[in-house]
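Working notes, structure below.
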Amino acid sequence: MKDNRTSVKRSLFVSAIALTLTAALLIGSTFAWFTSTASTGVSKVEAGKLKVTLLNGNKELSSTDVLTWQKAEGQTGTALWEPGCTYNLEPITIKNTGSLALKYKIVITGIKGDADLNKVIDWTVNDTALDADHPLAVGASNELTISGHMQENADDNYQGKTIDGISITVVATQDTVEYDSNDNQYDKDAGYPISVTTGDELQAIVNNATAPVNIVLANDITTNNFVIPADKDVTLDLNGRTVKNDESHTILNQGHLTLTDSSANKSGQIVSLKGNTAALRNGDNAVCVVEGGTISRDGANGNTWHVVENFGKMTFNGGEVVLKNGNGFAITNGWNYFDPGASTTHAVMEINALKLDTDSSGIKNCRYGDLTVNDVTVTSTGYWALSNDYLGTAVINGGNLTSTSFKAVSNGAAMTVNGGTFDGTEGLFLQSYATSTVLNGGTFTNMNVSALSSYVGTGHTAQQSGTSVIIK
1 MKDNRTSVKR SLFVSAIALT LTAALLIGST FAWFTSTAST GVSKVEAGKL
51 KVTLLNGNKE LSSTDVLTWQ KAEGQTGTAL WEPGCTYNLE PITIKNTGSL
101 ALKYKIVITG IKGDADLNKV IDWTVNDTAL DADHPLAVGA SNELTISGHM
151 QENADDNYQG KTIDGISITV VATQDTVEYD SNDNQYDKDA GYPISVTTGD
201 ELQAIVNNAT APVNIVLAND ITTNNFVIPA DKDVTLDLNG RTVKNDESHT
251 ILNQGHLTLT DSSANKSGQI VSLKGNTAAL RNGDNAVCVV EGGTISRDGA
301 NGNTWHVVEN FGKMTFNGGE VVLKNGNGFA ITNGWNYFDP GASTTHAVME
351 INALKLDTDS SGIKNCRYGD LTVNDVTVTS TGYWALSNDY LGTAVINGGN
401 LTSTSFKAVS NGAAMTVNGG TFDGTEGLFL QSYATSTVLN GGTFTNMNVS
451 ALSSYVGTGH TAQQSGTSVI IK
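Start counting the sequence shown at 1; every next residue gets the next number (this note's numbering).
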């Protein structure tokens with residue numbers, strides 16, 4: 001049978017997803033007629049964390065790591081497959097590195113090469129079906145051996161076929177272990193994230209969802225006019241994969257989107273390749289929370305559009321935005337090119353954690369945009385790190401906003417600065433049409449006290465420190 005063997009290239013890409021879960025405690029009581037009130041403190045409310053990690057020895061595995069097939073002692077060369085043979089992958093360890101008990105399953109999520117060949121290979125984990133549930137306590141670990149057995153009835157049609165890569169994904173969810181005030185059955189119906197391998201599959205799952213849905217990417221995908229409808233609630237884990245666009249915006253959210261990246265090396269990306277399209281556009285009244293991932297555009301291909309646009313409510317709790325090779329702003333909040341009317345619902349953006357790198361301009365808060373910056377690192381080698389434009393309202397509580405060749409921050413509307421470092425040819429530039437500027441804190445480079453003293457808030461002072469002004 002040696003001449004009839006089928007070659008499966010020995011590459012197996014392994015990825016693990018981490019599903020972060022939050023909990024809220026609501027306490028209240030109402031009495032009619034006779035009333036009495038007593039109160040007490042409430043102990044700390046802390047959300048548990050669900051996280052599963054894949055290890056090869058002491059090394060944490062990512063989607064770029066390659067595992068090899070084990071061969072019989074003394075055998076060398078490529079692992080060639082034939083009906084009836086079984087090959088084992090080198091052992092790996094799955095560990096519960098979170099604070100909640102979990103259950104997991106392993107699924108094959110992508111085939112590169114002849115997908116038909118996979119139909120005659122039976123996969124098992126420790127001699128158990130691949131998609132079986134496996135419980136894992138906090139801090140516990142299981143050593144896994146993934147095996148592939150080529151079915152004996154595989155006929156000559158499979159000769160010469162190859163699988164160039166097999167993606168394995170570990171999905172995890174809550175298990176019925178922890179107790180609340182009643183029992184341990186509150187999460188008995190907890191579902192697994194849904195693994196997605198193509199852009200069309202992603203759109204279909206979102207369209208057909210009747211409840212909030214958790215999706216994990218198993219492959220790099222290309223979207224074609226991908227839209228999250230207004231009545232959908234989607235958590236999308238990039239899982240170290242890349243999402244690119246073929247036509248319109250890479251992701252257009254009109255519903256509720258939470259964006260995460262559970263990969264060990266945080267390599268998940270959303271990229272816009274087409275001209276006049278954003279990588280991520282959050283529509284009117286939509287809600288978007290960014291927890292991770294790198295969002296960018298390919299300016300080298302002629303796309304000079306903004307990377308991220310928000311017309312609804314958007315929160316950054318992490319991640320990175322990159323704009324290279326072109327004009328425009330990396331992020332816009334509100335209406336930049338037209339006036340939707342004063343009665344429109346404002347675009348609201350809150351930045352709690354974000355890294356932004358651009359050779360053009362950073363953040364633009366536009367007409368009817370309400371922007372709150374709590375912590376951000378902006379590095380611009382082009383123009384503004386942040387611009388607050390006509391009819392925008394901005395509150396800056398902290399962060400580091402730097403422009404290496406231009407003024408760091410511009411205010412042309414209403415702005416309150418409570419802290420942060422603003423480093424540029426000037427730390428702050430005030431447009432003639434600015435309506436309000438209040439400075440309660442911050443460090444502004446290449447400026448004099450006389451330029452800022454009339455804008456210092458009540459109870460605060462401005463001090464010269466070398467070429468910078470420090471407001472306390």
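Here a beta-carbon is modelled for each residue, glycine too, at the ideal position from N, C-alpha and C.
Does DSSP put residue i in a helix, in a strand, or in coil?
i, result
"Glu309", "strand"
"Ser453", "helix"
"Val322", "strand"
"Tyr158", "helix"
"Asn142", "strand"
"Gly362", "strand"
"Gly424", "coil"
"Asn126", "coil"
"Gly283", "coil"
"Asn446", "coil"
"Thr40", "Low per-residue confidence applies at Thr40: pLDDT is 29, beneath 50, and the placement is therefore not dependable, though the value from the model is reported in the following sentence. Correct three-state label for Thr40: coil."
"Tyr275", "Note on identity: in this sequence residue 275 is Gly, with Tyr being the wrong assignment. Coil."
"Gly341", "coil"
"Thr458", "coil"
"Asn397", "coil"
"Gly255", "coil"
"Gly148", "strand"
"Asn301", "helix"
"Glu350", "strand"
"Lys266", "coil"
"Asp175", "coil"
"Asp233", "strand"
"Lys472", "coil"
"Asn317", "strand"
"Tyr433", "coil"
"Phe31", "Here the model assigns Phe31 a pLDDT of 32, short of 50, so the residue's position is not dependable and the matter cannot be decided."
"Tyr383", "coil"
"Leu100", "coil"
Less than 8 Å between the CB atoms is what I'm expecting for residue i and residue j, so what's the real figure, rounded?
i, j, result
"Lys59", "Thr97", "Not quite, the Cβ-Cβ distance comes to about 14 Å (not below 8 Å), so this is no contact."
"Ala286", "Gly312", "4 Å"
"Asn239", "Ser272", "Contact flag wrong, Cβ pair sits at about 20 Å."
"Asn317", "Val289", "7 Å"
"Gln174", "Leu102", "6 Å"
"Asn440", "Val409", "At roughly 15 Å, the Cβ-Cβ gap does not stay under 8 Å, so Asn440 and Val409 are not in contact."
"Ile351", "Asn374", "6 Å"
"Asn310", "Met349", "5 Å"
Do residue j and residue i have their beta-carbon atoms positioned less than 8 Å apart in this structure?
i, j, result
"Ala353", "Asp389", "no"
"Tyr368", "Leu391", "yes"
"Asp231", "Gly255", "yes"
"Ile396", "Gly427", "no"
"Gly299", "Lys266", "no"
"Pro91", "Glu152", "no"
"Leu130", "Ile106", "yes"
"Asn88", "Thr145", "yes"
"Tyr455", "Val469", "no"
"Thr222", "Asp237", "no"
"Ala218", "Thr169", "yes"
"Thr235", "Ile215", "yes"
"Asn333", "Asn365", "yes"
"Thr458", "Lys472", "no"
"Val206", "Ile228", "yes"
"Asn400", "Thr377", "yes"
"Asp359", "Lys407", "no"
Which first and last residues belong to the beta strand (DSSP E) in which residue i is found?
i, result
"Gly369", "369 to 373"
"Ala330", "329 to 333"
"Leu439", "436 to 439"
"Asp200", "Where Asp200 is concerned, there is no enclosing beta strand (DSSP E), although the alpha helix (DSSP H) it sits in stretches over 199 to 208."
"Gly84", "From DSSP, Gly84 is part of no beta strand (DSSP E); its letter is neither H nor E."
"Phe429", "428 to 430"
"Asn245", "242 to 245"
"Thr467", "First-last for Thr467: undefined, no H or E at that position."
"Pro135", "134 to 136"
"Asp131", "No beta strand (DSSP E) contains Asp131, which DSSP labels as neither H nor E."
"Ala408", "Run containing Ala408: none; DSSP gives neither H nor E here."
"Val481", "Outside the shown range of the chain (1 to 472) lies residue 481, about which nothing can therefore be said."
"Asn388", "386 to 388"
"Ser195", "194 to 196"
"Leu55", "52 to 56"
"Thr223", "221 to 223"
"Leu61", "Note, Leu61: premise wrong, no beta strand (DSSP E); not H, not E."
"Ser380", "377 to 380"
"Thr533", "Summary: the structure shown does not reach residue 533, with the chain confined to residues 1 through 472, and so no result is reported for it."
"Leu217", "213 to 217"
Is there a Cβ from chain B that is less than 8 Å from the Cβ of residue i?
i, result
"Leu80", "The chain inventory of the structure shown lacks chain B, comprising one protein chain alone."
So the alpha helix (DSSP H) residue i belongs to, where does it begin and stop?
i, result
"Leu117", "115 to 118"
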